[in-house]
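Oh and the sequence shown: position 39 is 39 in UniProt numbering, straight run, nothing missing. Encoded as structure tokens, the structure appears first; notes follow it.
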Amino acid sequence: MKGVHRFGVKGKLAPRYVGPFKITEQCGPVAYRIELRSHLAAVHDVFHVSQLKKCLKVLEEVVDTSQIQTEPDLTL
């Protein structure tokens with residue numbers, strides 16, 4: 001399709017959603033404006049509610065695995 005931005009790989013393994021992004025305002029009953037990163041400046045920033053998906057994990061709650069210390073004698 002002409003003029004449509006595709007993110008990443010085409011086909012079955014292409015990402016279905018890009019994000020998460022912060023919703024900045026509600027533009028209408030079913031439209032929301034989101035805060036896009038600078039490399040997505042060419043993409044329109046207002047989306048229909050059917051194109052959005054709720055973020056199920058917050059980045060602040062993700063544990064950094066490099067900070068976890070383990071003992072060398074782990075056994076099963």
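Quick reminder that beta carbons are idealized off the backbone N, C-alpha and C, glycines included.
Tell me the DSSP secondary structure of residue i in three-state form.
i: His44; result: coil
i: Thr24; result: strand
Using 8 angstroms for Cβ pairs, my map puts residue i next to residue j. What's the rounded Cβ distance?
i: Glu35; j: Lys22; result: 5 angstroms
i: Val30; j: Val43; result: At roughly 19 angstroms, the Cβ-Cβ gap does not stay under 8 angstroms, so Val30 and Val43 are not in contact.
Please return the same chain residues whose Cβ sits closer than 7 angstroms to the Cβ of residue i, not counting the five positions on each side in sequence.
i: Asp45; result: Arg33, Ile34 and Leu36
i: Gln51; result: none
Excluding sequence positions up to five away, which residues of its chain have a Cβ less than 6 angstroms from the Cβ of residue i?
i: Pro20; result: Cys55
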